[in-house]
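Quick note, the sequences are listed as chains A and B, same order.
According to our numbering, numbering within the first sequence proceeds without interruption in unit steps and concludes at 1073.
According to our numbering, numbering within the second sequence proceeds without interruption in unit steps and concludes at 121.
Glycine residues also receive a C-beta, built at the ideal position from the N, C-alpha and C atoms.
Note sheet for the following structure.
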Amino acid sequence: GAGVSQSPSNKVTEKGKDVELRCDPISGHTALYWYRQRLGQGLEFLIYFQGNSAPDKSGLPSDRFSAERTGESVSTLTIQRTQQEDSAVYLCASSPRDSAYNSPLHFGNGTRLTVT
Amino acid sequence: AQSVAQPEDQVNVAEGNPLTVKCTYSVSGNPYLFWYVQYPNRGLQFLLKYITGDNLVKGSYGFEAEFNKSQTSFHLKKPSALVSDSALYFCAVRDMDSSASKIIFGSGTRLSIRP
Chain A
958 GAGVSQSPSN KVTEKGKDVE LRCDPISGHT ALYWYRQRLG QGLEFLIYFQ GNSAPDKSGL
1018 PSDRFSAERT GESVSTLTIQ RTQQEDSAVY LCASSPRDSA YNSPLHFGNG TRLTVT
Chain B
7 AQSVAQPEDQ VNVAEGNPLT VKCTYSVSGN PYLFWYVQYP NRGLQFLLKY ITGDNLVKGS
67 YGFEAEFNKS QTSFHLKKPS ALVSDSALYF CAVRDMDSSA SKIIFGSGTR LSIRP
């Protein structure tokens, strides 16, 4: 079946512009995560959606970053007034409903954002 | 707060030799622990997980990991390394006792297997 889909795969933008990144999780997956991976570095947690619960936004680095999710479907990550340090690969991952919350994550291929 | 540490940025091993990639964690409750692998130009893939039960967990591609509660570690191991194992490896943790907790990843360890 279809995996986690992210679009666009690459985005080049000028400093100061707003960008919107999209994630289509696997159908039926209630949990959705956004992570940021700078070149050669680890995964930095950004935000976590779990079903209809309030999202955990504790990883968002500044108020320029926001994310939305409609129900258990598509999520968008918006970065306003982009800065060069925002350049990174933004990864989305989803996992199915699991009463024990121990299901592995399924990752998309990411959006590579370059701010010039 | 939960955290994961991977103390080695890079691990170099000769093909055929055993390999170990280290991971230590910190959670307030009991941990769920995961290993993921990122091959060049490919997405992250799940390797294995520890939930409960046997401390030695077996996963994909011949990898295994040993959970050690007293040392709060979850080191990844393989008895005989292959050149194709060269990749970036991430350890991750979730607090089992908090249904709302997120999955946190370590900084990653680059594994390089030389022929």
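Quick check on residue i - is its C-beta less than 7 Å from some C-beta in chain B?
{"i": "L1000/A", "result": "yes"}
{"i": "D1043/A", "result": "no"}
{"i": "N1059/A", "result": "yes"}
{"i": "Y1047/A", "result": "no"}
{"i": "V1064/A", "result": "The amino acid occupying residue 1064/A in the given sequence is Phe; Val does not appear at that position. It does: the Cβ of F1064/A has a partner Cβ on chain B nearer than 7 Å."}
If we cut at 7 Å on Cβ distances, does residue i have a partner in chain A?
{"i": "Y56/B", "result": "no"}
{"i": "L117/B", "result": "no"}
{"i": "Y38/B", "result": "yes"}
{"i": "F80/B", "result": "no"}
{"i": "K108/B", "result": "yes"}
{"i": "L62/B", "result": "no"}
{"i": "G49/B", "result": "yes"}
{"i": "S113/B", "result": "yes"}
{"i": "F73/B", "result": "no"}
Give the DSSP-derived three-state secondary structure of residue i in the structure shown.
{"i": "E1042/A", "result": "helix"}
{"i": "V43/B", "result": "strand"}
{"i": "D91/B", "result": "helix"}
{"i": "S66/B", "result": "helix"}
{"i": "R995/A", "result": "coil"}
Between residue i and residue j, which are expected to be in contact by the criterion C-beta below 8 Å, what is the C-beta distance as a whole number of angstroms?
{"i": "K83/B", "j": "L25/B", "result": "7 Å"}
{"i": "S1032/A", "j": "F1006/A", "result": "7 Å"}
{"i": "G35/B", "j": "S86/B", "result": "G35/B to S86/B, Cβ: 36 Å. No contact."}
{"i": "T987/A", "j": "P1053/A", "result": "7 Å"}
Can you list the residues of chain E that residue i reaches, using a CB-CB cut of under 7 Å?
{"i": "G1008/A", "result": "Absent here is chain E; the protein component of the structure consists of chains A and B."}
Under a Cβ-count criterion, where at least 16 other Cβ atoms within 10 Å of its own Cβ denotes burial, should residue i be classed as buried or exposed?
{"i": "G68/B", "result": "exposed"}
{"i": "A959/A", "result": "exposed"}
{"i": "T1027/A", "result": "exposed"}
Does the contact criterion of 3 or more C-beta pairs under 8 Å hold for the segment 105 to 121 of chain B versus the segment 9 to 17 of chain B?
In short, these stretches touch, since the Cβ pair count reaches three.
Examine the Cβ distances between the segment 965 to 973 of chain A and the segment 1031 to 1049 of chain A and report whether three or more of them are shorter than 8 Å.
Counting Cβ pairs under 8 Å, three or more are found: they touch.
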